[in-house]
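Please read the structure below before turning to the comments.
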Amino acid sequence: MPRWTLRSVSKQLRETISTRSQPERSRASRSVAATVSEDARRVGTARRGHTRMGDSIADLTDFALIGHQESWRAAADVISVLRGSERAPLPDDEIKDILPWIPPRPVCRVEVGSITGAKARGLYIDAFIPPDRLGADHVRENLVRVRAAAACAISAGARIVSLGGFSSILIEGNFDQLPQGRDTVFTTGNTLTVALIVQGLKKMSALVNRNLRRSTLLVVGATGDVGSGCVRCLASMVKRVLLCARNTDRLRRLAEEVKAYGVQVEIATDVQQLTTQPDAVICAASLPSPSLLLGRVAPDAIVCDAGYPKNLSPSAAPPDITVFFGGLGQITGGLKFAPDLGGIINRHPFADVAQGCLLEGIALTLEGRLEPFSRGRGLITRARVSRAAVQLCGTGGSLRSDRGSVVSARRPRGMPPRRRGRSTSRAWSRILPG
-17 MPRWTLRSVS
-7 KQLRETISTR
3 SQPERSRASR
13 SVAATVSEDA
23 RRVGTARRGH
33 TRMGDSIADL
43 TDFALIGHQE
53 SWRAAADVIS
63 VLRGSERAPL
73 PDDEIKDILP
83 WIPPRPVCRV
93 EVGSITGAKA
103 RGLYIDAFIP
113 PDRLGADHVR
123 ENLVRVRAAA
133 ACAISAGARI
143 VSLGGFSSIL
153 IEGNFDQLPQ
163 GRDTVFTTGN
173 TLTVALIVQG
183 LKKMSALVNR
193 NLRRSTLLVV
203 GATGDVGSGC
213 VRCLASMVKR
223 VLLCARNTDR
233 LRRLAEEVKA
243 YGVQVEIATD
253 VQQLTTQPDA
263 VICAASLPSP
273 SLLLGRVAPD
283 AIVCDAGYPK
293 NLSPSAAPPD
303 ITVFFGGLGQ
313 ITGGLKFAPD
323 LGGIINRHPF
333 ADVAQGCLLE
343 GIALTLEGRL
353 EPFSRGRGLI
363 TRARVSRAAV
373 QLCGTGGSLR
383 SDRGSVVSAR
393 RPRGMPPRRR
403 GRSTSRAWSR
413 ILPG
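Written as structure tokens, this is what we have:
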């Protein structure tokens, strides 16, 4: 089994010169990529100024997390950490020139724990998908990157691998597209993500004294794996459901399914086409950048942006609506990165917070349940979400709305002060959707 280490990439990035002509940059980038790929086959060594990384990764790996950065700023920060604090940051144009040539690879170790005493060690593997190449024109290129990242996880000996961000969207839950490892299973993490979104919306509704049963719920990206899961969980709890997605046939099939709950349904392929004004919104579309404009929403609407990258355009909503980031959870036993990329991978004011798609693999590891909990597309049901809420958050743990904390990105007038909740007595995580 290859013995992976994390420091190979920094040697090449250190050699990058911060001022050179454009042709020279292109040649240097190709050279960096070729050498980095060669280094990935060898054992690297820790370099001065970095956290010690001399042990074999294969000896340490219980789980692996595959992800990518949603912005060039985050990507630049990752590269800066890998190069070392003694080096001046590279200019933005050089970052954009270099990053596409960096192959998927482990960039940091991850250590987690539960409040019951269970501990696990893993890796964060960056697919190094350029933030401006998340669109449909780059599907094949990005799928190759996800497969390569999966191969890294298998080679590192990971027993379970969570697919974060676009990495799960690209394969649509079809794990046959990934390399196969005898002792490695994959999960999209979408079931736990749905559980976190649903509980987050319930909590935020309670904070603003909103009765969900009188609400009109809009789900953007409704036919996707996360979106359809949210619809199935919430349809029976609201008065009316608005479904928005690009595929009309899938929309119609989902609408027929929702009508069985006895609620009113409206569908559209563009939010601007909807005739009804929602007062609760879940944004779960697969958008390459924050570009969604909501159109007509109630002045006091609650909006959950659960996309990665975020769905909402900065100018998407009036200032009086409540916007929070959904699908996030907090590991109560602690989450550590070495080197410390925590503030880069999860840009959040609270400690130990991560995306639900990544947390699912961590939770399965801590619970000793090495299974592909989330796979396929459109298979997330209320029963499976309930199972994720109870079983993946510790023995006897639950994701009840009175436990955990909610933070609003925008707090409308009249909203009560933030309420600090209790973490569950045995759970490893608590709901933290904002």
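Residue numbers for the sequence shown follow my numbering, so the first one is -17 and each next one is one higher.
Where a beta carbon is used, it is the ideal one built from N, C-alpha and C, also for glycine.
Keep in mind that this is a model prediction, so the values were computed, not measured.
- G324 and K318 have their C-alpha atoms some 7 Å from each other.
- If the five residues before and after S297 are omitted, its C-beta is found closer than 8 Å to the C-beta atoms of L275, all from its own chain and listed in chain order.
- According to DSSP, E248 shares a beta bridge with L224.
- In the three-state DSSP reduction, V190 falls in the coil class, being neither helix nor strand.
- Across the structure, D119 and E342 are spaced so that their CA atoms are roughly 29 Å apart.
- For A237, same chain residues with a beta-carbon under 7 Å away, outside a window of 5 residues either side, are L225, V247, I249 in chain order.
- Counting along the chain, the unbroken alpha helix (DSSP H) around G325 starts and ends at 324 to 327.
- For D282, the closest of A135, I153, G49, D302 by C-alpha to C-alpha distance is D302.
- Look at G49 here: in three-state DSSP terms it is strand.
- Assigned with DSSP and collapsed to three states, V176 falls in helix.
- Note on geometry: alpha-carbon atoms of I151 and R122 lie some 12 Å from one another.
- In this structure N124 is buried. Its beta-carbon is surrounded by 16 or more other beta-carbon atoms within 10 angstroms.
- Excluding five sequence positions before and after C212, the CB atoms of its chain that fall closer than 7 Å to its own CB belong to V176, I179, V180, V201, I264, A266, given in chain order.
- Linking Y243 to S218 through their CA atoms gives a straight-line distance of about 6 Å.
- The C-alpha of L64 is placed about 43 Å away from the C-alpha of L199.
- Taking C-beta atoms as the reference points, F157 and T347 fail to come closer than 8 Å.
- Beta-carbon to beta-carbon, C90 and P321 are separated by about 6 Å, close enough to satisfy the 8 Å threshold.
- Within the same chain, no Cβ atom closer than 8 Å to the Cβ of R164 is found once the five residues on either side in sequence are excluded.
- For I80, the enclosing alpha helix (DSSP H) covers residues 74 to 80.
- Non-local beta-carbon contacts of L160 in its own chain, meaning distances under 8 Å to residues more than five positions away in sequence, involve V128, R129, A132, I153, F168 in chain order.
- For the stretch 196 to 222, the continuous beta strand (DSSP E) assignments of 3+ residues that do not extend past its boundaries occur at 198 to 202, in sequence order.
- Straight-line spacing of the CA atoms in R214 and V240 works out to 7 Å.
- Measuring C-alpha to C-alpha distances from S295 to each of Y106, G309, A140, L269 identifies L269 as the nearest.
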